[in-house]
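S.K.: Here it is, the structure, as structure tokens.
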Amino acid sequence: MAGSMKRVLVSAAVIGGLFGAVAAQAAPKDDLKGTNVVLVHGAFADGSSWNRVIPLLEARGLHVVSVQNPLSSLADDAAATKRTIDEQKGPVVLVGHSWAGVVISDAGNDDKVKSLVYVAAFAPDNGQSIADVTQGLPAPAWAGELRKDTGGFARLSDKAIAQDFAPDLPPAQQRIVAATQGPWYGGCISEKVAQAAWHAKPSTFVVATQDRMIDPKLQEAMAKRIGATVTHVNGSHVAMLSQPKAVADAIIAAAERAKHDAQ
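Residues in the sequence shown are numbered from 1 upward in steps of one, following the UniProt record's numbering.
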């Protein structure tokens, strides 16, 4: 009887240990608590474009805020981003998608910003605009699908959303992207960054290899020029929606490096 009871207790201990190990593996790591991630959306989008990435970042203990840009000028978008940075307590990883690569290159000079992440984004140098970065390149197909209003703001047609902006999303999600897109002021294309933050801050570049909005070859060239750590994602321009884990992993890795560098 004593032997049987001993075997039962040993078995229970083994099983308990196994369940404990599994639970430990399944539990999300929150070792990045105290670090903030500020997400900045690009043209033809809004803050909800990050909604599939946010919970993955929060699972690691990161505090996440998505900026709502007015998309009316570099100064306006940079001001909105800087206000959000000011509200954070502690170090910031600043992430920009598309046009917001220009925005974070400006706003990223804030002392709180410890790392920059460009997601299928433009990364201009000092005194450069998007027009400068793309000079000499053929006009993309989507340029003919811009629908401008009388105030100079533009939206993408449903066709461009489906074929160029978000071709790897299901049709229902494409319709949501089209409905929630933020109109972008056309003059933004010529606005220049005075002092590009990537000269002084470590950078990561997520290259979307199936991007039809910003040529992946141009993304590669910009990433090389700024000396960024490069992650390749097999996704469209909205890789944060179609490949959220890959994009989140790149942001998390940037946060880990920033935390390590601060120690």
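Glycine included, each C-beta is placed from N, C-alpha and C at the ideal position.
Looking at the secondary structure, which residues open and close the alpha helix (DSSP H) in which residue 107 lies?
M.R.: 100-107 is the extent of the alpha helix (DSSP H) around residue 107.
S.K.: Identify which residue in 46, 188, 218 and 123 has its Cα closest to the Cα of residue 66.
M.R.: The shortest C-alpha separation from residue 66 is found at 46.
S.K.: Using three-state DSSP, classify residue 186 as helix, strand or coil.
M.R.: If DSSP states are grouped into helix, strand and coil, residue 186 belongs with the helices.
S.K.: Would you check if the region 206-215 and the region 226-244 touch, i.e. whether three or more CB-CB distances between them fall below 8 Å?
M.R.: Yes, they touch.
S.K.: Going by C-alpha to C-alpha distance, which of 238, 108 and 193 sits closest to residue 167?
M.R.: The shortest C-alpha separation from residue 167 is found at 238.
S.K.: Helix or strand or just coil, what does DSSP make of residue 49?
M.R.: Note: residue 49 maps to helix in three-state DSSP.
S.K.: Whole angstroms are fine: how far does the CA of residue 31 sit from the CA of residue 265?
M.R.: Outside the displayed span of the chain (1 to 263) sits residue 265, for which this structure offers no information.
S.K.: Identify which residue in 124, 115 and 151 has its Cα closest to the Cα of residue 254.
M.R.: Measuring from the Cα of residue 254, the nearest candidate turns out to be 115.
S.K.: Give me, in chain order, the residues of the same chain whose beta-carbon lies closer than 7 Å to that of residue 13; leave out the 5 immediate sequence neighbours on both sides.
M.R.: Reliability of the predicted coordinates at residue 13 is poor, the pLDDT of 45 falling under 50, and the value obtained from them is presented with this limitation in mind. If we look at residue 13 and ignore the five residues flanking it on each side, it has no Cβ neighbours.
S.K.: What separation, rounded to the nearest whole angstrom, lies between the Cα atoms of residue 245 and residue 149?
M.R.: Taking the straight line from one Cα to the other gives about 36 Å.
S.K.: Given residue 147, which residues of its chain have a CB within under 7 Å of its CB, disregarding the five upstream and five downstream residues?
M.R.: Same-chain partners within the cutoff: 154, 155 and 157.
S.K.: In three-state terms, what does DSSP make of residue 26?
M.R.: Any reading at residue 26 must be qualified, since the residue scores a pLDDT of 45, below 50, and its modelled position is unreliable; no value is offered.
S.K.: Quick check on residue 69: buried or exposed, where buried means 16 or more other Cβ atoms within 10 Å of its Cβ?
M.R.: With 16 or more Cβ atoms within 10 Å of its Cβ, residue 69 is classed as buried.
S.K.: Compute the distance between the beta-carbons of residue 169 and residue 241, then report whether it is under 8 Å.
M.R.: Yes, these two residues count as a Cβ contact at 8 Å.
S.K.: Span of the beta strand (DSSP E) holding residue 231?
M.R.: Taken as a continuous stretch (DSSP letters only), the beta strand (DSSP E) holding residue 231 covers 229-233.
S.K.: Under the rule that 16 or more other beta-carbon atoms within 10 Å means buried, what is residue 196, buried or exposed?
M.R.: Counting Cβ neighbours within 10 Å, residue 196 comes out buried, since at least 16 surround it.
S.K.: Can you name the start and end residues of the beta strand (DSSP E) that residue 257 belongs to?
M.R.: Premise fails: residue 257 lies in the alpha helix (DSSP H), 244-262, not in any beta strand (DSSP E).
S.K.: Should residue 151 and residue 121 be called a contact, given that it needs their Cβ atoms to be closer than 8 Å?
M.R.: Taking 8 Å as the Cβ cut-off, residue 151 and residue 121 do not qualify as a contacting pair.
S.K.: Going by C-alpha to C-alpha distance, which of 178, 192, 181 and 48 sits closest to residue 78?
M.R.: Out of 178, 192, 181 and 48, 192 has the C-alpha closest to the C-alpha of residue 78.
S.K.: Ignore the nearest five residues each way along the sequence and tell me which others in residue 127's own chain have a CB closer than 8 Å to its CB.
M.R.: So the qualifying residues of the chain are 192, 193 and 194.
S.K.: Start and end of the alpha helix (DSSP H) containing residue 82?
M.R.: Here the alpha helix (DSSP H) through residue 82 covers 74-87.
S.K.: So what's residue 156 in DSSP terms, helix, strand or just coil?
M.R.: Note: residue 156 maps to strand in three-state DSSP.
S.K.: Going by the DSSP bridge assignment, what does residue 204 pair with across the sheet?
M.R.: DSSP lists 117 and 229 as partners of residue 204.
S.K.: Under three-state DSSP, which class holds residue 166?
M.R.: Note: residue 166 maps to coil in three-state DSSP.
S.K.: Verify whether the separation of the beta carbon atoms of residue 90 and residue 36 is less than 8 Å.
M.R.: A contact, by the Cβ cut-off of 8 Å.
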